[in-house]
Amino acid sequence: GIQRLVDLSKTNRTKLIVGVRHPVWFFQSFYNYRVLNSHNQNFTQTIPDPNELINATWRDVSTALAKYEDHLRILGKVDGKDSIRDVIGSSSSGNNNNNNN
Numbered sequence: 194g195i196q197r198l199v200d201l202s203k204t205n206r207t208k209l210i211v212g213v214r215h216p217v218w219f220f221q222s223f224y225n226y227r228v229l230n231s232h233n234q235n236f237t238q239t240i241p242d243p244n245e246l247i248n249a250t251w252r253d254v255s256t257a258l259a260k261y262e263d264h265l266r267i268l269g270k271v272d273g274k275d276s277i278r279d280v281i282g283s284s285s286s287g288n289n290n291n292n293n294n
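Under the working numbering, residues 194 to 294 are what the sequence shown spells out, in order.
Rendered as structure tokens:
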């Protein structure tokens, strides 16, 4: 499926619009969801501090999930040297800036 999207966007001038959530907001939301779920299901496992999940995983929550540039690279939408700041912009002020790159 991904290769077909890449081929279509190159040959048929098909535009692929990808919406991404700010990586920090994504992480925070997913972490809070897992914490709430843990309380609701009475899990006895200790809930780690979010800072402990940098390069670690707890109940599928990890900072690695928010590395959107890796997924966009597969689609051919960013090159190998782009970081997530290049992809979504460096502003973290809460503005919904539209980057038309």
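Beta carbons are placed, not taken as given, at the ideal position from N, Cα and C, and that holds for glycine.
Note to self: Please state the DSSP three-state secondary structure of residue 228.
What the structure shows: In the structure shown, residue 228 sits in a helix (DSSP, three-state: H, G or I).
Note to self: Tell me the rounded alpha-carbon separation between residue 265 and residue 245.
What the structure shows: Cα to Cα, residue 265 sits roughly 26 Å from residue 245.
Next item on the list: Quick one: measure Cβ to Cβ for residue 216 and residue 259, integer angstroms, because I've assumed they're closer than 8 Å.
Entry: The Cβ separation is near 3 Å, so the contact holds.
Next item on the list: Mark residue 236 as exposed unless 16 or more other C-beta atoms lie within 10 angstroms of its C-beta, in which case mark it buried.
Entry: Residue 236 is exposed by the Cβ-count criterion.
Next item on the list: Could you tell me which of 253, 198, 213 sits nearest to residue 206, measuring between CA atoms?
Entry: Per the Cα distances, 198.
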